[in-house]
Amino acid sequence: MSQHSPQDIGEEIGRLLKYAPPEMRAAVLALLPAAKRTLDSGYRPDVRGVPLKSWRCLLHLLSSVASMQSDTETLLRVSHDLLGIADHMAPPDEVLRQSAEILVHALHAEMYVCRLRNSRGEWVTRAASHVHGQSIPIVAPYLDENLRRHPVMSAIMDGHARYVVSNNLQGLERGGGSFDCLIYKEGYRARLAFVLRERNNRPAFGLVQLYTKREYGFEAYDERFLAKCARIVSLTVGRRVAVARDTLEKAAGAMAHYGNNALNIMRNQAEYCGELVEDIDANLARALRLSRELTAEFPSDLRGRRLALELESILARADLTELAGHLGGVLEGTRRMTRIINSLKKSVERPRLMHYALGRDVLKLDDGIRQED
21 MSQHSPQDIG
31 EEIGRLLKYA
41 PPEMRAAVLA
51 LLPAAKRTLD
61 SGYRPDVRGV
71 PLKSWRCLLH
81 LLSSVASMQS
91 DTETLLRVSH
101 DLLGIADHMA
111 PPDEVLRQSA
121 EILVHALHAE
131 MYVCRLRNSR
141 GEWVTRAASH
151 VHGQSIPIVA
161 PYLDENLRRH
171 PVMSAIMDGH
181 ARYVVSNNLQ
191 GLERGGGSFD
201 CLIYKEGYRA
211 RLAFVLRERN
221 NRPAFGLVQL
231 YTKREYGFEA
241 YDERFLAKCA
251 RIVSLTVGRR
261 VAVARDTLEK
271 AAGAMAHYGN
281 NALNIMRNQA
291 EYCGELVEDI
301 DANLARALRL
311 SRELTAEFPS
321 DLRGRRLALE
331 LESILARADL
341 TELAGHLGGV
351 LEGTRRMTRI
361 INSLKKSVER
371 PRLMHYALGR
381 DVLKLDDGIR
391 QED
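The opening residue of the sequence shown carries number 21 in this note's numbering; numbering runs sequentially from there.
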């Protein structure tokens, strides 16, 4: 706008307002003084040379400029709250949910849906909530990022996009930005999706999707403000992902070193015990044979024969088969623990969770034994 005279700017604003509804025309005129003060203070909006095509574009620009100070204050508050989450020891899913709780209130949304990308490239729903505790519309349990027509999936595949705003939540077949019309039928009209990426624009790993029932509900926010919010959430959640991976790496390394050493000692001792059992079994067999020969040397009425028969009976009951079976079980147990340790090392890059009986998610490790899910 600095390239044009005040008269040119006034004429352009008048042209844009010509077809605006009366209430919108009044809103634009009310924003002009605040926008001028902001521009006079040195702020320059990032308009990227895009022409203003309608009164709605003008209203959006003026709102963004006038609300610059408000955006700065909101960003400081959101930054403080989001970065504070990273100080708590919580799994990535929980950090993602906590981040969404902060954003849904700060950006005046009504509902959020959080997703994380699994090993198959599916965007699985991890958390969803309404700010007033109302019911959540049925959303797709997972999204396939290969659907490039979907605005959020397109932003993910773009490789650089940090957020995307969708103002039409009708189904894709109707030109909207959703898989179906259910969200739209529930009254939601706009969606703001934050794409969470690790540093250096690595592939996206998470999504925070905010929904509002207000028409064009997220257009008032400056794009730099939204991009910074996305980076902060990526930092906090990504840090938890990195911490979890680092923890697994340390655990896997420690188990590989100390655990395998201990298992090797146990295996060697069990194998040595097995050899001792074989020697004892051979000696028992020889002692039983000698006791029977000794029995034959005594007449039936002598005390020596009775003692020889009792010794033969004791030796005959000394069966080491059960002991050998248990030692075999010990050896198999050490082999199973070795497979579990190897599975722990693999889980660093592809961790899997299973639901534990006490209601907790625990790391699922492979011990080489097929089990029912």
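Even for Gly, the Cβ is constructed at its ideal location relative to N, Cα and C. Bear in mind that the values here come from a model prediction, so they are computed numbers and not experimental data.
Beta-bridge pairing of residue i - partner residues as DSSP gives them
i	result
Cys134	Ala147 and Val228
Gly279	According to DSSP, Gly279 bridges with nothing at all.
Glu142	Asp164
Gly191	Ser198
Cutoff 8 Å; reference residue i; Cβ partners in own chain excluding five residues on either side
i	result
Phe318	Gly324, Arg325 and Ala328
Val151	Val124, His125, Ala129, Glu130 and Met131
Ile300	Leu340
Ile158	Leu202
Arg146	Asp113, Leu116, Arg117, Cys134, Arg135 and Leu136
For residue i, the first and last residue of its enclosing alpha helix (DSSP H)
i	result
Val159	Run containing Val159: none; DSSP gives neither H nor E here.
Ala210	Here Ala210 belongs to no alpha helix (DSSP H); instead the beta strand (DSSP E) covers Ala210 to Arg217.
Leu329	Arg323 to Arg337
Ile118	Inspection of the sequence shows that residue 118 is occupied by Gln rather than by Ile. Element bounds for Gln118: Pro112 to Ala126.
Gly207	First-last for Gly207: undefined, no H or E at that position.
Leu344	Residue identity check: residue 344 is Ala in the sequence provided, not Leu. Counting along the chain, the alpha helix (DSSP H) containing Ala344 begins and ends at Thr341 to Lys366.
Pro171	Pro171 to Asp178
Backbone CA spacing between residue i and residue j [nearest angstrom]
i	j	result
Leu36	Phe238	22 Å
Ile122	Tyr204	24 Å
Gly353	Ala305	30 Å
Ile285	Val297	18 Å
Glu243	Arg140	31 Å
Met357	Leu314	49 Å
Asp200	Pro171	13 Å
Gly348	Tyr292	12 Å
Arg137	Gly294	49 Å
Asn188	Leu202	12 Å
Ala210	Glu269	41 Å
Ser149	Gly273	39 Å
Pro161	Val144	6 Å
Leu308	Leu283	37 Å
Asp365	Val228	Before going further, note that residue 365 is Lys rather than Asp in the sequence given. Looking at the two C-alpha atoms, the distance is approximately 30 Å.
Pro19	Ser174	Outside the displayed span of the chain (21 to 393) sits residue 19, for which this structure offers no information.
Leu255	Tyr241	21 Å
Met177	Arg135	16 Å
Ala14	Leu331	With the chain running from 21 to 393 in the structure shown, residue 14 is simply not present.
Gln154	Met275	46 Å
Gly258	Gln118	14 Å
Arg45	Pro53	14 Å
Gln89	Phe245	Residue placement at Gln89 cannot be trusted, given a pLDDT of 46 that sits under 50; what the coordinates show is reported in the next sentence. So the two alpha carbons sit approximately 11 Å from each other.
Val133	Val115	13 Å
Asp321	Ala336	23 Å
Residues near residue i by beta carbon distance below 7 Å, same chain, minus five either side
i	result
Asn362	none
Arg287	Leu351 and Thr354
Leu343	Val297
Gly207	Lys233
The ligand GTP heavy atom lying under 6 Å from the CB of residue i
i	result
Asn187	As far as ligands go, the structure on display features none, and thus does not contain the ligand GTP.
Enclosing beta strand (DSSP E) for residue i [first to last residue]
i	result
Ser186	Tyr183 to Ser186
Chain-order list of residues whose beta-carbon lies under 6 Å from that of residue i (same chain, five-residue window excluded)
i	result
Ile33	none
Glu31	none
Leu192	Arg169
Arg182	Val215, Ala247 and Ala250
Val185	Leu212 and Phe238
Gln190	Gly196, Cys201 and Tyr204
Glu235	Arg209
Ala338	Leu304
- Is the segment 239-255 close to the segment 202-222, with three or more CB pairs under 8 Å? yes
- Please confirm if the segment 274-286 is in contact with the segment 160-173, defined as three or more CB-CB distances below 8 Å between the two stretches. no
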